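> To start, I am sharing the structure in question, which I have written as structure tokens.
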Amino acid sequence: MVAVLGGRGVLRLRLLLSALKPGIHVPRAGPAAAFGTSVTSAKVAVNGVQLHYQQTGEGDHAVLLLPGMLGSGETDFGPQLKNLNKKLFTVVAWDPRGYGHSRPPDRDFPADFFERDAKDAVDLMKALKFQKVSLLGWSDGGITALIAAAKYPSYIHKMVIWGANAYVTDEDSVIYEGIRDVSKWSERTRKPLEALYGYDYFARTCEKWVDGIRQFKRLPDGNICRHLLPRVQCPTLIVHGEKDPLVPRFHADFIHEHVKGSQLHLMPEGKHNLHLRFADEFNKLAEDFLQ
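Here it is, written out as structure tokens:
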């Protein structure tokens, strides 16, 4: 890997291995019928599986938080569950099937796994009786959000995405191979996911994710969802961290160019986890856009 990447590539790899997930957790509460400012946790049957979610707030505007690769509500969205305006929004953070506490089943990556996640996410919110929702999607969750917005346009109100890509390039494939072996991740990045999954499931699922995402490289133009972007109708904000070592700037530019009427906001110091490193700035940006 070092020989392939070269000097600058090694530095980039070190950056991405230290910046995948920072290990911010939200304590899990037990299931509760009422919800206000506390975070409640429950499961609901959706499309043949039990999907876990966390919920907080009492606002009329429903917002679904969609996590990244290997992610869950508690590992990926601590500052959002804690600090997004609870009077304006009802915030739901879900664990996609096979991730977080939405197990069993184990996570797998068929060719349509993003479409499956999009349908699961929408059907979860419908099961929770929300009439319409906005989406905050990070990384893989951003891809899922784009697909959901394109395929279920009447149900999606607004959307904020960051760290997402609509296709896979050779450069992306090199980056993915660089994170295949979780033993090379930084301890701070690795520990919360080991605690959530156990090392074996964590390591095995990461390898399966790399194989799953790389299958798109074999499709024309490396297509994941680029063909769906013109079908997105909802107001869309694309946020991009200029120092993101995982998702190059051209991906944000492409989505911005092909999602009609979208806005692009650049964060000069932002990395892949900009919503955690710069949580106050990100939360205000998202709240202002969603209102």
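In this note's numbering, the protein residues as written are 749 to 1039.
We put the CB at the ideal spot given by N, CA and C, even for glycine.
All of these numbers come straight from a predicted model, not from anything done at the bench.
Any contact of the stretch 1028-1036 with the stretch 955-965, i.e. 3+ C-beta pairs under 8 Å?
These segments do not touch.
> Identify whether Q963 lies in helix, strand or coil by the three-state DSSP scheme.
Q963: helix per DSSP, three-state reduction.
> Kindly confirm or deny that the stretch 863-882 and the stretch 794-814 touch, where touching means at least three C-beta pairs closer than 8 Å.
Counting Cβ pairs under 8 Å, three or more are found: they touch.
> For L1014, collect the residues of the same chain with a Cβ closer than 7 Å to its Cβ; drop the 5 residues on either side in sequence, then sort them by chain order.
Taken in chain order, the residues that qualify are H988 and E990.
> Going by the DSSP bridge assignment, what does K791 pair with across the sheet?
In the DSSP output, where bridge partners are listed per residue, K791 has H800.
> Using the C-alpha atoms, what's the distance from D808 back to K880?
Cα-Cα distance, rounded: 10 Å.
> For the candidate residues L977, A943, Q828 and V980, whose alpha-carbon lies nearest to that of Y847?
Ranking L977, A943, Q828 and V980 by Cα distance to Y847 puts A943 first.
> How would you label P775, buried or exposed, when you count the other beta carbons within 10 angstroms and need 16 or more for buried?
Per-residue confidence for P775 stands at a pLDDT of 37, beneath the threshold of 50, marking its modelled position as unreliable; no derived number is given.
> Please report the distance separating the alpha-carbon of E863 from that of G805.
For E863 and G805, the distance between alpha carbons rounds to 28 Å.
> For the stretch 898-906 against the stretch 823-835, do three or more pairs of beta-carbon atoms, one drawn from each stretch, fall closer than 8 Å, so that the two count as touching?
No: the two stretches stay apart, fewer than three of their Cβ pairs being nearer than 8 Å.
> Since A914 and I972 are thought to touch, with beta carbons under 8 Å apart, how far apart are those beta carbons, to the nearest angstrom?
Correct: roughly 6 Å between the Cβ atoms.
> Return helix, strand or coil for R776, following the three-state DSSP convention.
Here R776 scores only 41 on pLDDT, less than 50, and its place in the model should not be relied on; the value that follows carries that caveat. R776 falls in the coil class under three-state DSSP.
> Name the residue from D856, R855, G889 and K877 whose alpha carbon lies nearest to the alpha carbon of W842.
Per the Cα distances, G889.
> Decide yes or no for the touch test of the stretch 923-931 against the stretch 850-864: beta carbon pairs closer than 8 Å, at least 3 of them.
Output reads no: the stretch 850-864 does not touch the stretch 923-931.
> Could you name each continuous beta strand (DSSP E) segment of 3 residues or more that falls completely within the stretch 799-862, going from the start of the chain to the end?
Taking only runs of at least 3 residues, the beta strand (DSSP E) segments lying wholly in the stretch 799-862 are 809-814 and 837-843.
> Taking only three categories from DSSP, how would you classify V980?
The answer is coil: DSSP assigns V980 none of H, G, I, E or B.
> If you follow the beta strand (DSSP E) that S882 is in, where does it begin and where does it stop?
Run containing S882: V881 to W886, per the beta strand (DSSP E) assignment.
> Output the boundary residues of the beta strand (DSSP E) element that contains I1003.
Run containing I1003: none in the beta strand (DSSP E); it sits in the alpha helix (DSSP H), R997 to H1006.
> Based on DSSP bridge pairs, tell me the residues matched to Y915.
Answer by DSSP bridge pairing, in chain order: N971.
> By how many angstroms is the C-alpha of A893 removed from the C-alpha of L994?
Cα to Cα, L994 sits roughly 18 Å from A893.
> From the DSSP output, read off the bridge partner residues of I986.
Paired residues: I909 and L1012.
> List the residues that DSSP assigns as beta-bridge partners of I904.
DSSP lists V881 as partners of I904.
> Taking buried to mean at least 16 other C-beta atoms within 10 Å of its own C-beta, is R997 buried or exposed?
Its Cβ having fewer than 16 others within 10 Å, R997 is exposed.
> Measure from the alpha carbon of Q1011 to the alpha carbon of each residue in M817, L1022, A1034 and H1023, then state which is nearest.
The candidate whose alpha carbon is nearest that of Q1011 is A1034.
> With the cut-off set at 8 Å, would you say D824 and P844 are in Cβ contact?
No. Outside cutoff.
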